[in-house]
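Taking it in order: structure first as structure tokens, then the write-up.
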Amino acid sequence: MRIISSLSEFKKFRDSLFGNIGLIPTMGALHDGHLSLVNQSHQNCNHTIVSIFVNPKQFAPNEDFDSYPRNLNIDQSALESLGVDVLFLPDNQIIYPNNFSTYVEENMLAKGLESLSRPHFFKGVLTIVLKLFNIINPQSVFFGKKDYQQFRLVEKMVGDLNLDIKVVGGETIREEGGLAMSSRNAAFSESEIQDLGIIYKTLKMAKD
Ligand code: PAF
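Residue numbers for the sequence shown follow our numbering, beginning at 13 and rising by one.
Spelled out as structure tokens, the structure:
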């Protein structure tokens, strides 16, 4: 697996690739949900690229940017063992050079739900996602349906901006007790993870 941090090195490498490219954009601290997206990409694409970038633009000043889990060595070996072609690891200066001032905003699906408590969030997500699409030039991109509003917004942006990219959703992967896997679950103890499964179990029971 190649690990590339520079734009010029990535461009040279990208120009040498033939066939379909699948991209899984992530913020690292990978779990089985991310790894299932890698497997989906392997099944559909000739090459799989994973990006890891903890995107400051999707965190408000009072949120957990500094404490967001970062496990680069573990992530790297997981991706290596799954046969990922490239891990793209840009730094902040590459993604947001000085005087960066252009953002992507969606104004329909981005209203309500997660936006109510995190009004800055989707603007930050769509901006980084479009930047990664432009740098990496994938034919297919893979997003977990756990963040369903995010998934639908990426689809909407791709349609609205005529991007020639297929957006593929991956099913939510859950802990044994029912809690959806998430990088932020690292903040919970094993017993809290078990207890939190009650939310999913109760919703499922109500649905049934
Ligand atoms: O879902 C995430 O991990 C992030 O929101 C994403 C899509 C990688 C953008 O930073």
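Cβ coordinates follow ideal geometry from the N, Cα and C atoms, glycine included.
What you are looking at is a predicted structure, and each value in this text was computed from that prediction instead of being measured.
Can you tell me whether threonine 38 sits near the ligand PAF, meaning its C-beta is under 7 Å from at least one heavy atom of the ligand? Under cutoff, so the answer is yes.
With DSSP as the reference, please indicate the residues paired to serine 63 in a beta bridge. Pro37, Phe100
Endpoints, the alpha helix (DSSP H) within which valine 240 is located: Only positions 13 to 220 of the chain appear in this structure, which leaves residue 240 out of reach.
Relative to the C-alpha of glycine 171, which candidate in His59, Leu138, Val62, Arg186 has its C-alpha closest? Leu138
What's the C-alpha gap between glutamine 105 and leucine 19? One Cα belongs to glutamine 105, the other to leucine 19, and the distance between them is close to 11 Å.
Can you give the beta carbon distance from isoleucine 147 to asparagine 67, rounded, assuming they're within the 8 Å contact cut? No, isoleucine 147 and asparagine 67 are not in contact; Cβ-Cβ is about 14 Å, not under 8 Å.
Runs of beta strand (DSSP E) wholly within the stretch 123-182 (minimum 3 residues, chain order): 152-156, 178-182
Suppose the cutoff is 7 Å on Cβ atoms and the five residues either side in sequence are ignored; what does the same chain contact list for glycine 181 look like? Phe155, Lys157, Phe163
For glycine 124, count neighbouring Cβ atoms within 10 angstroms of its own Cβ and tell me buried if that reaches 16, exposed if not. Classification for glycine 124: exposed.
Under a Cβ-count criterion, where at least 16 other Cβ atoms within 10 Å of its own Cβ denotes burial, should serine 53 be classed as buried or exposed? buried
May I ask you to report which of helix, strand or coil DSSP gives alanine 199? helix
Find the nearest neighbour of leucine 131 within the set Glu187, Asn74, Pro150, judged by alpha-carbon distance. Per the sequence shown, the amino acid found at residue 131 is proline instead of leucine. Cα-wise, what sits closest to proline 131 is Asn74.
The stretch 81-95 contacting the stretch 209-220, beta-carbon criterion three pairs below 8 Å: no
Where does the unbroken beta strand (DSSP E) through isoleucine 16 begin, and where does it stop? 14-16
Pairs of beta-carbons, one from the stretch 39-52 and one from the stretch 113-123, closer than 8 Å: are there three or more? no
Once you ignore the five residues that flank methionine 169 on each side, which residues in its own chain have a CB closer than 8 Å to its CB? Val116, Glu118, Leu138, Val141, Leu142, Leu175
Which two residues bound the contiguous alpha helix (DSSP H) that contains serine 28? Unbroken run through serine 28: none, as it is neither H nor E.
Span of the alpha helix (DSSP H) around glutamine 70: It is not in any alpha helix (DSSP H) - glutamine 70 carries neither H nor E in the DSSP assignment.
May I have the straight-line CA-CA distance separating threonine 214 from glutamate 21, to the nearest angstrom? 49 Å
Pull up the CB-CB distance for glycine 31 and proline 150, whole angstroms please, since I reckon it's below 8 Å. About 11 Å; that fails the 8 Å criterion.
Starting from leucine 42, trace the alpha helix (DSSP H) in both directions and tell me its first and last residue. For leucine 42, there is no enclosing alpha helix (DSSP H), as DSSP gives it neither H nor E.
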